[in-house]
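> Residue numbers (my numbering), protein chains in the order written: chain A, 3 to 721; chain B, 6 to 227. From the three backbone atoms N, C-alpha and C, an ideal C-beta is built for every residue, glycine too.
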Amino acid sequence: MREPDITEDLIAGHGLKPEEYQRILEIIGRVPSFTELGIFSAMWNEHCSYKSSRKWLRTLPTSGPQVICGPGENAGVVDIGDGQAVVFKMESHNHPSYIEPYQGAATGVGGILRDVFTMGARPIAAMNSLSFGQPGHPRTRSLVHGVVEGVGGYGNCFGVPTVGGEVRFHPAYDGNCLVNAFAAGLADADAIFYSAASGVGMPVVYLGAKTGRDGVGGATMASAEFDETIEEKRPTVQVGDPFTEKRLMEACLELMATGAVISIQDMGAAGLTCSAVEMGDKGGLGIRLDLDLVPVRERAMSAYEMMLSESQERMLMVLRPEKEAEARAVFDKWDLDFAVVGETIAEDRFVVVHGGEVKADLPLGTLAGSAPEYDRPFAEPAEAPALEPVPEADPVEALRALLTSPDHAHKAWVWEQYDTMVMADTVRAPGHGSGIVRVHGTDKALAFTSDVTPRYVRANPQMGGRQAVAEAYRNICATGARPLACTDNLNFGNPEKPEIMGQFVRAVTGIGEACTALDMPIVSGNVSLYNETDGAPILPTPTIGAVGLALNPGELIGARAAEGDVLLLLGPQGSHLGASALLWHLWGREDGDAPAVDLELERRHGEFVRANGARMAACTDLSDGGLALAAFEMAEAAGCGAEIEGDGLAVLFGEDQARYLIAASAEEAAALASAAEKAGVELAAVGTLGGTDFSLGGSRAPMADLRTAWRGAFAELFG
Amino acid sequence: MRAAVVTFPGSNCDRDLALALERSGFEVVRVWHKDTALPAGIDLVGLPGGFSFGDYLRCGAIAANSPICREVVRFAEGGGHVLGICNGFQILLETGLLPGALMRNSNLKFICKTVTLRVETALSPFTTLLGEGATLDIPVAHHDGNYQASPELIRDLDSEARVAFRYGDPLNGSAGDIAGILSQNRRVLGMMPHPERASEAATGSSAGAAIFDGIASAFASA
Chain A
3 MREPDITEDL IAGHGLKPEE YQRILEIIGR VPSFTELGIF SAMWNEHCSY
53 KSSRKWLRTL PTSGPQVICG PGENAGVVDI GDGQAVVFKM ESHNHPSYIE
103 PYQGAATGVG GILRDVFTMG ARPIAAMNSL SFGQPGHPRT RSLVHGVVEG
153 VGGYGNCFGV PTVGGEVRFH PAYDGNCLVN AFAAGLADAD AIFYSAASGV
203 GMPVVYLGAK TGRDGVGGAT MASAEFDETI EEKRPTVQVG DPFTEKRLME
253 ACLELMATGA VISIQDMGAA GLTCSAVEMG DKGGLGIRLD LDLVPVRERA
303 MSAYEMMLSE SQERMLMVLR PEKEAEARAV FDKWDLDFAV VGETIAEDRF
353 VVVHGGEVKA DLPLGTLAGS APEYDRPFAE PAEAPALEPV PEADPVEALR
403 ALLTSPDHAH KAWVWEQYDT MVMADTVRAP GHGSGIVRVH GTDKALAFTS
453 DVTPRYVRAN PQMGGRQAVA EAYRNICATG ARPLACTDNL NFGNPEKPEI
503 MGQFVRAVTG IGEACTALDM PIVSGNVSLY NETDGAPILP TPTIGAVGLA
553 LNPGELIGAR AAEGDVLLLL GPQGSHLGAS ALLWHLWGRE DGDAPAVDLE
603 LERRHGEFVR ANGARMAACT DLSDGGLALA AFEMAEAAGC GAEIEGDGLA
653 VLFGEDQARY LIAASAEEAA ALASAAEKAG VELAAVGTLG GTDFSLGGSR
703 APMADLRTAW RGAFAELFG
Chain B
6 MRAAVVTFPG SNCDRDLALA LERSGFEVVR VWHKDTALPA GIDLVGLPGG
56 FSFGDYLRCG AIAANSPICR EVVRFAEGGG HVLGICNGFQ ILLETGLLPG
106 ALMRNSNLKF ICKTVTLRVE TALSPFTTLL GEGATLDIPV AHHDGNYQAS
156 PELIRDLDSE ARVAFRYGDP LNGSAGDIAG ILSQNRRVLG MMPHPERASE
206 AATGSSAGAA IFDGIASAFA SA
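1) Mapping the DSSP letters down to three states, classify Ser-265(A) as helix, strand or coil.
2) For Asn-17(B), return the contacting residues in chain A, with the cut-off set at a CB-CB distance below 9 Å.
3) Report the three-state DSSP secondary structure of Asp-243(A) (helix, strand or coil).
4) Does chain A have any CB closer than 8 Å to the CB of Ile-143(B)?
5) Please specify which runs of the alpha helix (DSSP H), each continuous and at least 4 residues long, are wholly inside the stretch 46-116 of chain B, giving them in chain order.
6) Rounded to whole angstroms, what is the Cα-Cα separation between His-95(A) and Ala-108(A)?
7) Is Trp-712(A) close to chain B? Criterion is C-beta to C-beta, closer than 8 Å.
8) Decide if Leu-52(B) is buried, meaning its Cβ has at least 16 other Cβ atoms within 10 Å, or exposed.
9) Can you list the beta strand (DSSP E) stretches of 3 or more residues lying completely in the stretch 658-717 of chain A, in chain order?
10) Enumerate, from N- to C-terminal direction, the unbroken beta strand (DSSP E) stretches of 3 or more residues contained entirely within the stretch 33-72 of chain A.
11) Please determine whether the Cβ atom of Asn-17(B) lies at a distance below 7 Å from any heavy atom of the ligand SAH.
12) What does Trp-154(A) touch in chain B if you count any residue whose Cβ is under 7 Å from its own?
13) Show which residues of chain A have a CB atom less than 8 Å away from the CB atom of Pro-198(B).
14) Count the other CB atoms, across all protein chains shown, that sit within 10 Å of the CB of Asp-117(A); report buried if there are 16 or more and exposed otherwise.
15) Quick check: is the beta carbon of Gly-59(B) nearer than 8 Å to any beta carbon in chain A?
16) Would you tell me roughly how many angstroms separate the C-alpha atoms of Gly-628(A) and Trp-586(A), rounded to the nearest one?
17) Would you grab the beta carbon distance between Leu-274(A) and Leu-318(A) for me? Rounded to a whole angstrom, and I think it's under 8 Å.
18) How should Gly-148(A) be labelled, buried or exposed, when 16 other C-beta atoms within 10 angstroms of its C-beta is the threshold for buried?
19) Does DSSP put Leu-364(A) in a helix, in a strand, or in coil?
20) So for His-356(A), helix, strand or coil by DSSP?
21) Got a sec, what are the start and stop residues for the beta strand (DSSP E) Trp-37(B) sits in?
22) Could you please give the first and the last residue of the uninterrupted alpha helix (DSSP H) stretch that includes Pro-156(B)?
23) With a threshold of 8 Å between beta carbons, is Val-429(A) in contact with chain B?
24) Take Gly-357(A) and list the residues in its own chain whose beta-carbon comes closer than 7 Å to its own, dropping the five residues that flank it on each side.
25) With a threshold of 8 Å, are at least 3 pairs of Cβ atoms found where one atom belongs to the stretch 550-568 of chain A and the other to the stretch 367-379 of chain A?
26) Phe-90(A) to Leu-115(A), Cα distance in whole Å?
27) If we ignore side chains and look at the alpha-carbon of each, how far apart do Gly-344(A) and Ser-35(A) end up?
28) Grab me the residues of Pro-6(A)'s own chain with a C-beta within less than 6 Å of its C-beta, minus the 5 sequence neighbours each way, in chain order.
29) With DSSP run on the structure shown, which of helix, strand or coil describes Arg-508(A)?
30) Rounded to whole angstroms, what is the Cα-Cα separation between Phe-119(A) and Ser-54(A)?
31) Going residue by residue through the stretch 506-578 of chain A, where are the continuous beta strand (DSSP E) segments of at least 3 residues, counting only ones entirely within it?
32) For Lys-91(A), list the residues DSSP reports as bridge partners.
33) Do Pro-523(A) and Pro-63(A) have their CB atoms nearer than 8 Å?
34) Taking DSSP as the reference, what is the three-state secondary structure of Arg-2(A)?
35) Is it buried or exposed, Lys-248(A), if we count other Cβ atoms within 10 angstroms and call 16 or more buried?
36) Which residue comes first and which comes last in the beta strand (DSSP E) that contains Gln-153(B)?
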């Protein structure tokens, strides 16, 4: 097949800037072939190369005694004792999900699960953080349905419990929804698999599903802004097959147990290209691929298409040759493809042969290591506009407005479409703060949460970055578990605009400060830039996924608040209404600064909660909607009303940080009060659980009415 | 007491079913869908939940034609006990061991939540320890759990007391809120809810353990 000539249009169509193309010419000393151009564009796009973000990602804390493997592999690996490790990562699939919501979301889940089991871990928990446009936007309803069904369709069939997540709405996501998928797996700490190849002349083996034309150029598409040509991009979205992925996972874990695997890498973005180059580069080796041996499901595919296909459910492995028969038998058992498609070579070359012709011959190390890195100009974010006067409102009616908003309405409509209990180790399913999953066969449990408040990040990127980590820390502490580490999924607009780059830089600064102060290093992550449509950026959304560990069930704080319990507020009285949920949902206002995050106070309060958890009937962190929303949710879970003291909207709805709401019996409340005094932390009774009304400083409504409104609102909007 | 738990490609509750049976005293042998014989001395076969063969074609349809299912049918026809949960129930219908069909949920969505079940008959080893009229809270997780059958068949199931469980509240469009049914010899049970996910207090509920304990006690006293 004759390959097209390299023209300026072709170069631009591959998302390569003229200066980047010049660099290619310098590296290889000749005009690249069409296949080579495709390979460069795949390796150098923003999605794969982190060219705008790398400089700043390097500033994040990524190590600690608990960290076995930080960023740079398929997922992060963290020690959980007894020779076990939790392996986790969060990754975005924003652009594909906007183009084709079901498959985009489904393959987002598939990709992150593959990242986890590629490292030798069996996935045990999933979460997702979803951001949609306003409910009235013509696309929102179909996106909500499609994305939720896609997440469920893939995870449910694969057989991983979805134990947490977030769903938010804002007009800034009208033209660019966000789908961030998290997965965590369990592995033996001494049986983690990495991607670095070793040994010359070792067979390179293709595993899993066959290669088709789906997803060709997907990573390049995901590294550009959207405009009115979006419909033409539908063929760049991959199609998921969770049934094949489930078999691939079982086959890979069986294969790893045989000792046959030298190194392994999943084929995600830019498929065969990225996986082969990564394995060769990390091992300091070259790779030779013979595409005639690649299992295909379409005829007459070109080398270009095969190298850039993003067909799902595929892996590339370097095999111990003496184990080939044993390895092949595992894949035969699971009816999956197993094909030797190449070998490792001593020279630093990436050679791709197809139909007897060399279609690409590139210096592998340079291809991997010379991706452009930009120090993009950035503008320091402007100070947030001062908070204008806040009008009066009846507190319970204000609460009702929050409860019936799509952001804060009860989300059973969403999570009941996810299998939250498969694997039979779910201790706490969605709807009660962090998800909790028992470590199979042990007394240990892992807590999972995903957090970010994009309103704050826009108002004040640095404080918003801090807050995302702090809220994740609180959500883990509120379960009684010890926060271990984080993964970050940084979703921003076009980094070529200095004000967007400024948001990114300062948000990363804030995340780094908080991760250091709270001892939650970043062990994996993903950056998604160019989240803009027709020049309008999303809210800066650096999602933080966090994992905590409880050594035994006794460390976990219960979810058993009941009538008669005293409600205690740990931390200062509410005062901060800037950039709050109340302002936004009642008056559509976003003025004011983000709340200040005092990391030292966060740490002291988190440690107080964990040290005294046994005395608490329930504990939740305070975030959006402040004391009022937290108290309502606690009363609702207890199946009764509540009397909350507090005068004024700022006290009831303020979103000051480092705060928790605790339910405890009168006796335990007294003990907690003295413990607080001893620890020097602020703890005050703010109400009691009981009765049939929910009352905020005397403003009251029947609990049954509020409950019905809360539980019905989401289905009313989207059902 | 020995039980076989079958794994099909796409099964994802096989481990949990095996563990639940072990907790009730069974020795469990894991069986692969390509196997052509059941292990010797088996008292019970468990068909687990999941998405056998991806639920492609029709839920359970491909699994029902796998080599092991021919043996499971032979085992049941010889008077053996079989428990099919969720996808296992769908497979039992496709093999013809149980009558009727499971259609897509009436809301066309996957539904995962804990529901209240009512025990409709104590006359089976699976329900003997629960007793008629008892209620138990057990999770469901399915996309195709809407049980349908001809009016004559529904009448027969009722008159022969072969409805094992009904949902306390309408859930998925099932005729008569049927959640599980028995074969004529009362030794084959198919049910959509997942008792194996509610068989340990450590994960929230052990309400489902009585089903496994019931089968175990039937064999212990046999």
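This is what the structure holds:
1) strand
2) Asn-158, Cys-159, Phe-160, Gly-161, Val-162, Lys-248, Asp-421, Val-424 and Met-425
3) coil
4) So, not an interface residue.
5) 72-82 and 92-100
6) 9 Å
7) No - not a single Cβ of chain B is within 8 Å of the one on Trp-712(A).
8) Buried, since its Cβ has 16 or more Cβ neighbours within 10 Å.
9) 662-666, 685-691, 695-698 and 701-704
10) 69-71
11) This structure does not include the ligand SAH; it has no bound ligands of any sort.
12) Checking the displayed sequence, the identity of residue 154(A) turns out to be Gly instead of Trp. Chain B residues near Gly-154(A): Phe-115.
13) The contacting residues do not exist; Pro-198(B) stays about 11 Å from chain A at best.
14) Counting the other Cβ atoms within 10 Å of the Cβ of Asp-117(A) gives 16 or more, which makes it buried.
15) yes
16) If you take the alpha carbons of Gly-628(A) and Trp-586(A), they lie about 14 Å apart.
17) 7 Å
18) buried
19) In this structure, DSSP gives Leu-364(A) an extended state, which the three-state scheme calls strand.
20) strand
21) 32-37
22) 156-164
23) yes
24) Asp-294
25) Not touching, per the Cβ criterion.
26) 9 Å
27) 21 Å
28) Phe-36
29) helix
30) Straight through space, the alpha carbons of Ser-54(A) and Phe-119(A) are spaced by roughly 29 Å.
31) 524-530, 543-552 and 568-572
32) Looking at the DSSP output, Lys-91(A) sits in a beta bridge with Ala-185(A).
33) yes
34) Here chain A comprises residues numbered 3 to 721, so residue 2(A) is not present and cannot be evaluated.
35) Per the 10 Å Cβ criterion, buried.
36) 151-153
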